[in-house]
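The sequence shown runs 8 to 274 under this note's numbering. Every residue, glycine too, gets a C-beta built ideally from N, C-alpha and C.
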Amino acid sequence: MKKINPGFLWAGFFVLIGVFLLLSNLNVLGPWGDAIWGGLFVAAGLAFLAAFVKDQLHRWEAVAGTTLISGGAVILLEWRNVALGDWTLGIVLLGLALGFWLVAIFRREDWWAILPAGVLTLEGLLLGLGRDLPPLTFNALFLMGLGGVFGLIYLLRLRYGDARWALVPAVAFALLGLVWLMGVDEASPVWMQWWPVLLIGAGLILGFVVFSRRKQPAAATVAKPAPTAMQAPVADPAPGASRVEDLPEVSTENVDIYDLIKNQPKE
Numbered sequence: 008m009k010k011i012n013p014g015f016l017w018a019g020f021f022v023l024i025g026v027f028l029l030l031s032n033l034n035v036l037g038p039w040g041d042a043i044w045g046g047l048f049v050a051a052g053l054a055f056l057a058a059f060v061k062d063q064l065h066r067w068e069a070v071a072g073t074t075l076i077s078g079g080a081v082i083l084l085e086w087r088n089v090a091l092g093d094w095t096l097g098i099v100l101l102g103l104a105l106g107f108w109l110v111a112i113f114r115r116e117d118w119w120a121i122l123p124a125g126v127l128t129l130e131g132l133l134l135g136l137g138r139d140l141p142p143l144t145f146n147a148l149f150l151m152g153l154g155g156v157f158g159l160i161y162l163l164r165l166r167y168g169d170a171r172w173a174l175v176p177a178v179a180f181a182l183l184g185l186v187w188l189m190g191v192d193e194a195s196p197v198w199m200q201w202w203p204v205l206l207i208g209a210g211l212i213l214g215f216v217v218f219s220r221r222k223q224p225a226a227a228t229v230a231k232p233a234p235t236a237m238q239a240p241v242a243d244p245a246p247g248a249s250r251v252e253d254l255p256e257v258s259t260e261n262v263d264i265y266d267l268i269k270n271q272p273k274e
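So, in structure tokens, the structure goes:
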């Protein structure tokens, strides 16, 4: 299957946008302008996603594809007089986050994409719900959500041991969010009294994890004996060369040179 060059996708996208804007300025499109505008965004996004599916090395095409699709969806919904309110920007951010989630899922080596994916998902959800949340609750949920994103990175990379640093911001943001949440007026007295139990539980869990993952004593390595004076070290053969097996030792004592010459095979 022939790969899609992303340069052609961007070139075609710019040409389509230019043609649309020119027709819009000439009042050719009429009331269908917004529908065509949103449709162009969705079509371009699908083309970028197709390029990512065919060749996942083009990771940024996934991000561009989902962002264009979400932007086009917002335009089409507004064209249909669907009131989105605070979700207008939230949907675009969720679409951008989806692109990073696709990169993290289909390209395991790009696990770093979990961080922008989680943060953008958190931002999109909180922006959509922002009007219904008190400011203190908004800030507390944002900080706790950041802690959850870093905690997810730590858990997913736990067996590889290359993201242990994520535990520090995970715990820090989670604790900061909990402390911020204490200032919410709507918090119940029971919660205000017993929430430190969560810290005790977190400490116990962390202690158990540290105890269970203690390093085992390294096994003693067996040293190879050094070659003696009568036994020279054998070098590895060069690439492509055949290995010469060790030949049996031939004693040179009491050997008659004439017998050796006489017993040589005739040519």
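Q. What number of angstroms, rounded off, separates the C-alpha of glycine 25 from the C-alpha of asparagine 34?
A. Indexing the sequence shown from 1 puts residue 25 at position 18. Indexing the sequence shown from 1 puts residue 34 at position 27. Looking at the two C-alpha atoms, the distance is approximately 14 Å.
Q) Between leucine 127 and glycine 97, which are expected to be in contact by the criterion C-beta below 8 Å, what is the C-beta distance as a whole number of angstroms? A) What you label residue 127 is simply residue 120 of the sequence shown in a count that begins at 1. What you label residue 97 is simply residue 90 of the sequence shown in a count that begins at 1. No, leucine 127 and glycine 97 are not in contact; Cβ-Cβ is about 10 Å, not under 8 Å.
Q.
Looking at the secondary structure, which residues open and close the alpha helix (DSSP H) in which arginine 66 lies?
A. Here residue 66 corresponds to residue number 59 of the sequence shown, with the count starting at 1. Note, arginine 66: alpha helix (DSSP H), 66 to 86.
Q | N- and C-terminal bounds of the alpha helix (DSSP H) containing proline 38 | A | In the sequence shown, the residue the question calls residue 38 occupies position 31. Per DSSP, proline 38 is not a residue of any alpha helix (DSSP H), being assigned neither H nor E.
Q. Taking buried to mean at least 16 other C-beta atoms within 10 Å of its own C-beta, is glycine 79 buried or exposed?
A. Translated into positions along the sequence shown, residue 79 becomes position 72. Sixteen is the threshold: when 16 or more other Cβ atoms of the shown chains lie within 10 Å of the Cβ of glycine 79, as they do, the residue is buried.
Q. Under three-state DSSP, which class holds leucine 183?
A. Start at 1 with the first residue of the sequence shown, and residue 183 comes out as number 176. In the structure shown, leucine 183 sits in a helix (DSSP, three-state: H, G or I).
(Q) glycine 106 and phenylalanine 149 - do their beta-carbons sit closer together than 9 Å? (A) Start at 1 with the first residue of the sequence shown, and residue 149 comes out as number 142. Start at 1 with the first residue of the sequence shown, and residue 106 comes out as number 99. At a Cβ-Cβ threshold of 9 Å, phenylalanine 149 and glycine 106 do not count as neighbours.
Q: Have a look at phenylalanine 20 and glutamine 63 and give me their C-alpha separation to the nearest angstrom.
A: In the sequence shown, residue 20 corresponds to position 13, counting from 1. In the sequence shown, residue 63 corresponds to position 56, counting from 1. Cα to Cα, phenylalanine 20 sits roughly 20 Å from glutamine 63.
Q: Could you spell out the range, first to last residue, of the alpha helix (DSSP H) harbouring tryptophan 108?
A: By one-based count along the sequence shown, residue 108 stands at place 101. Per DSSP, tryptophan 108 belongs to the alpha helix (DSSP H) from 94 to 113.
Q | Per-residue DSSP class, three states only, for alanine 227 | A | Residue 227 sits at position 220 when you count from the first residue of the sequence shown. Annotation note: pLDDT 45 at alanine 227 (below 50); position unreliable, no value reported.
Q: For the alpha helix (DSSP H) holding alanine 147, just list the boundary residues, first then last.
A: Position 140 of the sequence shown, counting from 1, holds the residue named residue 147. From DSSP, the alpha helix (DSSP H) with alanine 147 extends over 142 to 163.
Q) Cα separation between alanine 225 and valine 217? A) Counting from one through the sequence shown, the residue named residue 225 turns up at place 218. Counting from one through the sequence shown, the residue named residue 217 turns up at place 210. Model confidence at alanine 225 stands at a pLDDT of 46, short of 50, so the residue's coordinates are unreliable and nothing is read from them.
Q. How far does the alpha helix (DSSP H) with leucine 129 in it reach, from first residue to last?
A. Numbered from its first residue, the sequence shown carries residue 129 at position 122. Where leucine 129 is concerned, the enclosing alpha helix (DSSP H) stretches over 121 to 136.
Q. Excluding sequence positions up to five away, which residues of its chain have a Cβ less than 7 Å from the Cβ of glycine 125?
A. Taking the sequence shown and counting its residues from 1, the one referred to as residue 125 is at position 118. If you ignore the 5 residues before and after glycine 125, its C-beta comes within less than 7 Å of the C-beta of Val156, Leu159, all in its own chain and listed in chain order.
Q: Determine the direct distance from the alpha carbon of alanine 181 to that of glycine 154, and round the result to whole angstroms.
A: In the sequence shown, residue 154 corresponds to position 147, counting from 1. In the sequence shown, residue 181 corresponds to position 174, counting from 1. Looking at the two C-alpha atoms, the distance is approximately 5 Å.
Q. Once you ignore the five residues that flank leucine 174 on each side, which residues in its own chain have a CB closer than 7 Å to its CB?
A. As a first step, residue 174 is located in the sequence shown; it is residue number 167 there, counting from the start. Once the five neighbours on either side are set aside, the close Cβ partners of leucine 174 are Tyr161.
Q.
According to DSSP, simplified to helix, strand and coil, what is leucine 188?
A. The sequence position of residue 188 within the sequence shown is 181, counting from 1. Residue state for leucine 188 is assigned as helix, using DSSP reduced to three classes.
Q. Roughly how many angstroms separate the alpha carbons of aspartate 41 and asparagine 88, rounded to a whole number?
A. Within the sequence shown, residue 41 is the residue found at index 34, counting from 1. Within the sequence shown, residue 88 is the residue found at index 81, counting from 1. Just so you know, the alpha carbons of aspartate 41 and asparagine 88 end up roughly 11 Å apart.
Q: Specify whether the stretch 162 to 170 and the stretch 203 to 210 touch according to this definition: at least 3 beta carbon pairs, one from each stretch, less than 8 Å apart.
A: These segments do not touch.
Q) Among Ile212, Arg138, Trp118, which has the Cα closest to the Cα of glycine 168? A) Along the sequence shown, read from residue 1 onward, the residue named residue 168 stands at position 161. When only C-alpha atoms are compared, the closest one is Trp118.
Q.
I need the DSSP call for glycine 168, collapsed to helix, strand or coil.
A. Taking the first residue of the sequence shown as position 1, residue 168 is located at position 161. If DSSP states are grouped into helix, strand and coil, glycine 168 belongs with coil.
Q. What is the C-beta distance between phenylalanine 55 and leucine 16, in whole angstroms, given that I count them as a contact (C-beta under 8 Å)?
A. Along the sequence shown, read from residue 1 onward, the residue named residue 55 stands at position 48. Along the sequence shown, read from residue 1 onward, the residue named residue 16 stands at position 9. About 6 Å; that satisfies the 8 Å criterion.
Q. Which word fits valine 186, buried or exposed, when buried means at least 16 other C-beta atoms lie within 10 angstroms of its C-beta?
A. By 1-based counting over the sequence shown, the position of residue 186 is 179. By the neighbour-count criterion, in which 16 or more other beta carbons inside 10 Å mark a residue as buried, valine 186 falls on the exposed side.
Q. Which one of Met189, Trp108, Ala170 has the shortest CA to CA distance from leucine 143?
A. Here residue 143 corresponds to residue number 136 of the sequence shown, with the count starting at 1. Closest by alpha carbon: Met189.
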